[in-house]
Amino acid sequence: MTHDPALEAHEHREHAEHAAHEHDSFISQVSITVAVLAVLAASIGSLETVEAGGAITAASEAVLSQDQATDAWNEYQADSLKKHLYGIAAAAPGPKAEEFARTAREQVEKQAEIKKRAQEGEAERDKLMAQSRLHEHRHHWLTGAATMVEIGIAICTVAIITRRRQFWLGSILLAVIGLGLFGAAYLT
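Per the UniProt record's numbering, residue 1 is the first one in the sequence shown, and the count goes up by one each step.
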């Protein structure tokens, strides 16, 4: 059985609408509270999904950036070996010694460009990982916020059934806590 906050909120709203037909002002107030909380829960749930997707996307892009940086570092190391081989060949007497020395110097210049590319890839990876952590942080806070609001909806249903104001006030308190967690997701 999957957890679908929107479906659960819809079911609670239907129960509240049914009870509202009894023309009891308390029941009407609680029914309106259920409707408001259902919209709030759906909105927070949507943002929670967006943040989870953002965390996954940023982490995936970070892996790609790391792969590119690793490829560049591998190329850098290969060129380092070539530079040393050409340097050894240039040190030996022979007709191509100057050509080998020139090629060794070219490898040094090429390595500088490759090193820069590798470091840029690592910097991009670090930036994307920070973005992923931020999205994940928000996702966790939003999960708590949605949970509080959904529990508030369920307690509103109990308030309708029992006609007890304390349950209704408790559900409003849970919604306020949920809103606090929602704010914490974007302020911390």
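For each residue, glycine too, the CB sits at the ideal point set by N, CA and C.
Just so it is clear, the structure is predicted and the values come from calculations on it, not from any experiment.
- When the five nearest sequence neighbours on each side are left out, the beta carbons in the same chain lying within less than 6 Å of the beta carbon of Met148 are those of Leu174, Ile177 and Gly178, in order along the chain.
- A Cβ-Cβ separation of about 6 Å places Leu47 in contact with Leu142 under the 8 Å criterion.
- Per DSSP, reduced to three states, the secondary structure at Arg163 is coil, with no helix or strand assignment.
- Boundaries cannot be given for Lys96, as no alpha helix (DSSP H) includes it and DSSP labels it neither H nor E.
- Bounds of the alpha helix (DSSP H) holding His84 are Ser25 to Ala91.
- The C-alpha of Ala55 is placed about 25 Å away from the C-alpha of Leu7.
- Put simply, of Ser28, Gly183, Ile160 and Gly53 the residue whose alpha carbon is nearest the alpha carbon of Glu136 is Gly53.
- Counting only residues of its own chain and dropping the five nearest sequence neighbours on each side, Ser171 has a CB closer than 6 Å to the CB of Gly152, Ile155 and Cys156.
- Residue burial is scored here from C-beta neighbours: Ile27 has at least 16 other C-beta atoms within 10 angstroms and is therefore classed as buried.
- Annotated three-state conformation of Asp126 is helix, per DSSP.
- With respect to Ser65, Leu128 sits close: the two C-beta atoms are nearer than 8 Å.
- Out of Ala35, Ile44 and Thr33, the CA that lies nearest to the CA of His140 is found in Ile44.
- Between Ser132 and Ala69, the CB-CB gap reaches or exceeds 8 Å.
- Our two residues, Gln29 and Ala41, have alpha carbons roughly 18 Å apart in a direct line.
- When DSSP states are grouped into helix, strand and coil, Thr188 belongs to the coil group.
- The C-beta separation of Ala90 from Ala104 comes to about 6 Å, placing the pair in contact by the 8 Å criterion.
- The shortest C-alpha to C-alpha distance from Glu124 to any of Ser60, Val36, Val50 and Val34 is the one to Ser60.
- From the listed residues Gly87, Ala92, Ala58 and Glu150, the smallest Cα separation to Val36 is found for Glu150.
- Close CB contacts of Ala118 within its chain, under the 7 Å cut and outside five residues either way in sequence, are with Ala69, Ala72, Trp73 and Tyr76 (chain order).
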